[in-house]
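Numbering of the sequence shown is given in the working numbering, commencing with residue 35 and proceeding in unit increments. Positions of the beta carbon are idealized from the N, C-alpha and C atoms, including for glycine. Notes to accompany the following structure.
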Amino acid sequence: MINIIRTGLDASNKEISAISHNLANGSTIGFKRSSAGFTDMYTEQVELRNNLDFGAGTRFVSAQRNHQQGSFIQTNGALDLAINGSGYFLAQGKDGTVSYTRDGSLSIDNEGNIISSDNQFILSENGVPLKIPFQVKNQNNQIESLAEVRIDESGAVNSIYSNGSSTIVGIVGMAIFANETALKEIGMNQYLPTPKSGAPIIGRAGETNFGRIQSGALEASNTDATAEMAKMIKAQQAFSGSSRMLQAEADITKRLMG
Numbered sequence: 035m036i037n038i039i040r041t042g043l044d045a046s047n048k049e050i051s052a053i054s055h056n057l058a059n060g061s062t063i064g065f066k067r068s069s070a071g072f073t074d075m076y077t078e079q080v081e082l083r084n085n086l087d088f089g090a091g092t093r094f095v096s097a098q099r100n101h102q103q104g105s106f107i108q109t110n111g112a113l114d115l116a117i118n119g120s121g122y123f124l125a126q127g128k129d130g131t132v133s134y135t136r137d138g139s140l141s142i143d144n145e146g147n148i149i150s151s152d153n154q155f156i157l158s159e160n161g162v163p164l165k166i167p168f169q170v171k172n173q174n175n176q177i178e179s180l181a182e183v184r185i186d187e188s189g190a191v192n193s194i195y196s197n198g199s200s201t202i203v204g205i206v207g208m209a210i211f212a213n214e215t216a217l218k219e220i221g222m223n224q225y226l227p228t229p230k231s232g233a234p235i236i237g238r239a240g241e242t243n244f245g246r247i248q249s250g251a252l253e254a255s256n257t258d259a260t261a262e263m264a265k266m267i268k269a270q271q272a273f274s275g276s277s278r279m280l281q282a283e284a285d286i287t288k289r290l291m292g
């Protein structure tokens, strides 16, 4: 019995941990809430006349992530991007590893690279870092400075210069997956593919099965703080109940053993 009660304590603790993680990221751009997944355990062999198994507690299976789209926050920032529909931005680290994220709070570094909030290169649909020239020469061989950057719903990055000239430096790359629920979270709102998620399908916004880009907006966390707090109360009550049962069982065992 004590082992069964312990599985209940462990289950409640795992659920409290998942809920706490959701609440802590309630204001994190592009964050996707998760819940703890459990399964019932049964004894392997039970010598009963009716040949029925009885419960042996519960077992944590995995954290199940909810990829439902969050609401949009209007920022009017030229490099703030939200994906309306399916898709992830491609972010490349200094070591060349490509991860996938819904966090579109982008900026430009000192070398003109478009980077993510954690300083990773944002890749084009061709898999190369998007880079914006700060200066270009006009037809008269005069230097024109960057004045503005615009990104449209297809992900086309348009750099506009002081003389009014403009050029498309690239298309923001996007990835979709056959089973995005199987992506592996690696922190900082980034994911990696797994055998179950399938390899990334690379394309651009607006293509078949790809969402569109909304500039001047960011996708909020899909955490519902009120719902998470209600679940937290239930999980804490379950933990307290299991704790009392464990103490009672320990007291009974102690008395029986003299």
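In the structure shown, Met208 falls within a strand segment according to DSSP collapsed to helix, strand and coil. In the displayed model, Ile194 falls within a strand according to three-state DSSP. Ser141 carries a strand assignment under DSSP once its states are collapsed to helix, strand and coil. The alpha carbon of Asn197 has as its nearest neighbour, out of Gln224, Gln169 and Lys265, the alpha carbon of Gln169. Residue state for Ser69 is assigned as strand, using DSSP reduced to three classes.
When secondary structure is reduced to three states using DSSP, Glu219 falls in the strand class. In the three-state reduction of the DSSP assignment, Asp186 falls in the coil class, being assigned neither a helical nor a strand state. The beta carbon of His101 sits closer than 7 Å to those of Lys66, Glu214 and Thr215, all from its chain and outside the five residues before and after it, given in chain order.
When secondary structure is reduced to three states using DSSP, Gly119 falls in the coil class, being assigned neither helix nor strand. Each residue's CA atom was taken as its position, placing Leu57 and Glu159 some 34 Å apart. Assignment of Glu253 by DSSP, reduced to helix, strand and coil, places it in the strand class.
The beta carbon of Ala254 lies closer than 6 Å to those of Gly104, Ser105 and Ile107 in the same chain, with the five residues before and after it left out. Counting C-beta atoms within 10 angstroms of its own C-beta, Glu145 has fewer than 16 neighbours from the protein chains shown and is therefore classed as exposed. Assignment of Leu164 by DSSP, reduced to helix, strand and coil, places it in the coil class. Pairing Ser69 with Ala45 gives a Cβ-Cβ distance that is not under 9 Å.
Counting the other CB atoms within 10 Å of its CB gives Ile247 a total of 16 or more, which places it among the buried residues. Around the beta carbon of Ala125, 16 or more other beta carbons lie within 10 angstroms, which makes this residue buried. By the beta-carbon neighbour count (other beta carbons within 10 angstroms, threshold 16), Glu182 is exposed. Per the coordinates, the alpha-carbon of Gly121 lies some 49 Å from the alpha-carbon of Gln281.
For Gln224, the enclosing beta strand (DSSP E) has its first and last residue at Gln224 to Leu226.
When only Cα atoms are considered, Ser141 and Gly64 end up about 16 Å apart. DSSP places Glu178 within a strand segment (E or B) once states are collapsed to three.
For Val132, the pairing in a beta bridge is given by DSSP as Gln126.
Of the other Cβ atoms in all chains shown, fewer than 16 fall within 10 Å of the Cβ of Gln176; this residue is therefore exposed.
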